[in-house]
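Undergrad: In the numbering used here, the protein residues as written are 284 to 649.
Cβ atoms here follow ideal geometry from the backbone N, Cα and C, with glycine treated the same way.
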């Protein structure tokens, strides 16, 4: 479990340290102060020596595929690939920190000749394969304990596969990664029930654990009787029973139910790991938010999952406080990200006692 996390030269942050993390961590702050960037930094760090995670977080924000010339430049502070990203975490895993350093190094274009077949009359293949490589590759150096250091590299390549036909793919070294707990990122743009949700529910159903998902969903829809994975044409979807004479697609139950299903499935399929949720309150009505938080908290505790979630909602924060007000283990933390006029960032921590005082007097926490 993460206890403190330091970011340098990542996204909008020149430097930020978050200390005193708990099991349930809410990230608040004004618009454009880096709440989502903090989640992304945690997820990239958790990926260790996996350069592909840098590409995937761009898709979470709806960005186009990265270009060859600016591969992963958006990860670096002020798009400066001459700097070094440093992500350092201290946690329950050992006394030693886990540090990930990301840097760029220059590479050149390579042309690889292919042998021609002996019978040239039946030659339908190209005679050479040209790779237009990005001008830089990204290097991931990961320190895992005092005596373990791993490294991986990644870059985009454009391969000419035929006349006027090319593909762009990720080329990375294949290194065994250290043991890492499971990690799942749920983006704010995520809508409906995804293929990943279907796969995760199927995984739980095989293990006989699908009933636990119903317990959480019933906080919003008490009439929900059961869920089922149904193949419809070329797609497989989750359907639900709500007292009608037939099952209905889960998407028809509303965005709040779909959002809660995604969160519950992520927690249940990441035991011992972390789940990162951007704008967790999306689609969930404030009147049921306290019940939802109680269910999520109990779920996270039973699967030993650490949750990080951003929010723009004062009602969401208040509901979380009330849900964990009598929690003996004191697992709730709120961090407000602030940016000074000089552009410096800091994370202000609110433990349960301090958060209660702030909410009592309607003081600003967002």
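Assuming residue 598 contacts residue 572 (C-beta within less than 8 Å), just tell me the rounded distance between them.
TA: Within the chain shown, the letter at position 315 stands for residue 598. Within the chain shown, the letter at position 289 stands for residue 572. Contact flag correct, Cβ pair sits at about 6 Å.
Undergrad: By a C-beta neighbour count over all protein chains shown, 10 Å radius and 16 as the cutoff for buried, is residue 640 buried or exposed?
TA: If you number the chain shown from 1, residue 640 lands on position 357. Classification of residue 640: exposed, given that the 10 Å Cβ count is below 16.
Undergrad: Whose C-alpha, out of 293, 623, 305, is nearest the C-alpha of residue 287?
TA: As a first step, residue 287 is located in the chain shown; it is residue number 4 there, counting from the start. Residue 305 is the option with its Cα nearest to residue 287.
Undergrad: Should residue 559 and residue 326 be called a contact, given that it needs their Cβ atoms to be closer than 8 Å?
TA: In the chain shown, counting from the first residue as 1, residue 559 sits at position 276. In the chain shown, counting from the first residue as 1, residue 326 sits at position 43. The answer is yes: Cβ separation under 8 Å.
Undergrad: Please give me, in chain order, every unbroken run of the alpha helix (DSSP H) with length at least 4 that falls completely inside the stretch 295-364.
TA: Correct list: 318-329, 335-343.
Undergrad: Quick one: what's got a C-beta closer than 6 Å to residue 538's C-beta in the same chain, skipping five residues either side?
TA: Within the chain shown, the letter at position 255 stands for residue 538. Once the five neighbours on either side are set aside, the close Cβ partners of residue 538 are 566.
Undergrad: Within the continuous beta strand (DSSP E) that includes residue 292, where are the two ends?
TA: The count along the chain shown starts at 1 and reaches residue 292 at position 9. Segment 285-293, the beta strand (DSSP E) holding residue 292.
Undergrad: Any contact between the stretch 378-386 and the stretch 297-317? By contact I mean 3 or more CB pairs, one from each, below 8 Å.
TA: With the cut-off at 8 Å, the stretch 378-386 and the stretch 297-317 do not touch.
Undergrad: Given residue 637, which residues of its chain have a CB within under 6 Å of its CB, disregarding the five upstream and five downstream residues?
TA: Here residue 637 is taken as the residue at index 354 of the chain shown, counted from 1. Within the same chain, residue 637 has no close Cβ partners at all.
Undergrad: Which of the three DSSP states is assigned to residue 506 in this structure?
TA: If you number the chain shown from 1, residue 506 lands on position 223. DSSP places residue 506 in coil when its eight states are reduced to three.
Undergrad: I need the straight-line Cα distance from residue 536 to residue 317, nearest angstrom please.
TA: Position 253 of the chain shown holds residue 536. Position 34 of the chain shown holds residue 317. Answer to the nearest angstrom: the Cα atoms are 32 Å apart.
Undergrad: Tell me, to the nearest whole angstrom, how far the beta carbon of residue 334 is from that of residue 455; I am working on the premise that it is less than 8 Å.
TA: Counting from one through the chain shown, the residue named residue 334 turns up at place 51. Counting from one through the chain shown, the residue named residue 455 turns up at place 172. About 5 Å separates the two Cβ atoms, so the contact holds.
Undergrad: Which of the three DSSP states, helix, strand or coil, is assigned to residue 624?
TA: Counting from one through the chain shown, the residue named residue 624 turns up at place 341. Three-state result, residue 624: coil.
Undergrad: Would you check if there are 3 or more beta carbon pairs closer than 8 Å linking the stretch 590-597 to the stretch 350-370?
TA: No, they do not touch.
Undergrad: For the beta strand (DSSP E) holding residue 585, just list the boundary residues, first then last.
TA: Position 302 of the chain shown, counted from the start, is the residue given in the question as residue 585. Residue 585 -> not in any beta strand (DSSP E); alpha helix (DSSP H) instead, spanning 572-585.
Undergrad: Short of 7 Å in beta carbon distance, which residues of its chain neighbour residue 506, apart from the five on each side in sequence? Order them along the chain.
TA: As a first step, residue 506 must be located in the chain shown, where it is residue number 223. 525, 526, listed in sequence order.
Undergrad: To the nearest angstrom, how far is it from the Cα of residue 485 to the Cα of residue 644?
TA: Mapped onto the chain shown, residue 485 falls at position 202. Mapped onto the chain shown, residue 644 falls at position 361. Near 46 Å, if we compare the C-alpha coordinates of residue 644 and residue 485.
Undergrad: What number of angstroms, rounded off, separates the C-alpha of residue 292 from the C-alpha of residue 370?
TA: Counted from its first residue, the chain shown places residue 292 at position 9. Counted from its first residue, the chain shown places residue 370 at position 87. Roughly 9 Å separates the two Cα atoms.
Undergrad: Could you tell me the alpha carbon to alpha carbon distance between residue 331 and residue 366, rounded to whole angstroms?
TA: Here residue 331 is taken as the residue at index 48 of the chain shown, counted from 1. Here residue 366 is taken as the residue at index 83 of the chain shown, counted from 1. Rounded to the nearest angstrom, the two C-alpha atoms are 19 Å apart.
Undergrad: Across which residues does DSSP place residue 383 in a beta bridge pair?
TA: For this step, residue 383 is matched to residue 100 along the chain shown. In DSSP, residue 383 forms a bridge with 370, 425.
Undergrad: Express the C-alpha separation of residue 472 and residue 554 in angstroms, rounding to a whole number.
TA: Stepping through the chain shown from its first residue, residue 554 is reached at position 271. Stepping through the chain shown from its first residue, residue 472 is reached at position 189. Each residue's alpha carbon lies about 24 Å from the other.
Undergrad: Can you find the residues in the same chain that come closer than 8 Å, C-beta to C-beta, to residue 483, ignoring five residues on each side of it along the sequence?
TA: In the chain shown, residue 483 corresponds to position 200, counting from 1. 548, 549, 551, 552, listed in sequence order.
Undergrad: Which residue from 434, 579, 607, 603 puts its Cα closest to that of residue 499?
TA: Here residue 499 is taken as the residue at index 216 of the chain shown, counted from 1. Comparing Cα positions, the closest option is 579.
Undergrad: Can the beta-carbon of residue 627 be found closer than 8 Å to that of residue 302?
TA: In the chain shown, residue 627 corresponds to position 344, counting from 1. In the chain shown, residue 302 corresponds to position 19, counting from 1. No, they are not a contact pair.
Undergrad: Just how far apart, CA to CA, sit residue 609 and residue 617?
TA: Here residue 609 refers to the residue found at position 326 of the chain shown. Here residue 617 refers to the residue found at position 334 of the chain shown. Rounded to whole angstroms, residue 609 to residue 617 spans 16 Å at the Cα level.
Undergrad: With distances taken between CB atoms, is the gap from residue 521 to residue 510 smaller than 8 Å?
TA: What you label residue 521 is simply residue 238 of the chain shown in a count that begins at 1. What you label residue 510 is simply residue 227 of the chain shown in a count that begins at 1. Cβ distance < 8 Å, so residue 521 and residue 510 count as in contact.
Undergrad: Kindly list the residues whose CB is nearer than 6 Å to the CB of residue 320, restricted to its own chain and excluding five residues on each side of it in sequence; keep chain order.
TA: Here residue 320 corresponds to residue number 37 of the chain shown, with the count starting at 1. Contacts found: 294, 295.
Undergrad: As a quick exercise: from 514, 523, 587, pick the residue whose alpha carbon is nearest that of residue 493.
TA: Taking the chain shown and counting its residues from 1, the one referred to as residue 493 is at position 210. The residue with the shortest Cα to Cα distance from residue 493 is 523.
Undergrad: Taking the continuous beta strand (DSSP E) assigned at residue 489, which residues delimit it?
TA: By 1-based counting over the chain shown, the position of residue 489 is 206. Element bounds for residue 489: not the beta strand (DSSP E) but the alpha helix (DSSP H), 478-489.
Undergrad: In or out: residue 480 buried (at least 16 other Cβ within 10 Å) or exposed?
TA: Counting from one through the chain shown, the residue named residue 480 turns up at place 197. Its Cβ being crowded by 16 or more others within 10 Å, residue 480 is buried.
Undergrad: Please report how far the alpha carbon of residue 429 lies from the alpha carbon of residue 374, in whole angstroms.
TA: Looking up residue 429 in the chain shown gives position 146. Looking up residue 374 in the chain shown gives position 91. About 14 Å.
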